[in-house]
Every structure is written in C-alpha cells, then in structure tokens.
Amino acid sequence: MQASAVQHVIAGLNAVGVSVVCYLPDSLLKELYPALDADPDICTIRVTNEGEGAAICDVKRKHSDGREDKYIFVRHVEQTENIVIMGPSDHN
454 MQASAVQHVI
464 AGLNAVGVSV
474 VCYLPDSLLK
484 ELYPALDADP
494 DICTIRVTNE
504 GEGAAICDVK
514 RKHSDGREDK
524 YIFVRHVEQT
534 ENIVIMGPSD
544 HN
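Under the working numbering, the first residue of the sequence shown carries the number 454, and numbering increases by one thereafter.
This is the structure we're talking about:
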C-alpha cells in the first residue's frame, strides 16, 4: 500500500468519525497498521481472528439498527472466504 493511500484511509476514517479500529494483521495492508496505531484519534485493537474482530466491533453505526451492518459483514465473509453462512435471500 502506498503512503498516499495510507494517508487517505486515515483521513477518511477520521472524517467519518471512526474512533475504534480492529485489525487482523496481514501483508496486504501492513503499511496501514503503524499509521492506525499512531493516530491519536483512533483506538486500535489487534485481533487474532476474524470472529474476535467481529465480536469486538459489534457496535451500531449511527442511523443503523445493526442488522444491516451484520448482514453486510456476513455477506463479505461469505465472498472472501468462499463459504455460505446465510444462504440465498429474497432481498438480494
């Protein structure tokens, strides 16, 4: 990840008011983690697996009932891990 991209990510997180970030270290985003850790407005939590991160970050976004966030997260996990968690839905 280029340094300019790292700064854009940090600026974007700050702009929308993100104050807590959980991350599971990987080589793809390794340049981002030190910048997250160094940002005084963001509390970072390094996790050991995706489930731990999901449990820690189980907070509702402003204007969200939480179900939409969980649905989006589960669909993301299904796609990235190539697994089925919820199965087909009439709504998508």
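Where a beta carbon is used, it is the ideal one built from N, C-alpha and C, also for glycine. In this text, all values refer to a predicted model and were calculated from it rather than measured experimentally.
- Bounds of the alpha helix (DSSP H) holding Val459 are Ala456 to Ala468.
- In the three-state DSSP reduction, Ile495 falls in the coil class, being neither helix nor strand.
- Between Ile495 and Ser472 the beta-carbon gap is near 6 Å, inside 8 Å, which marks them as a contact.
- In this model, Thr501 and Ala488 are separated by some 19 Å (Cα to Cα).
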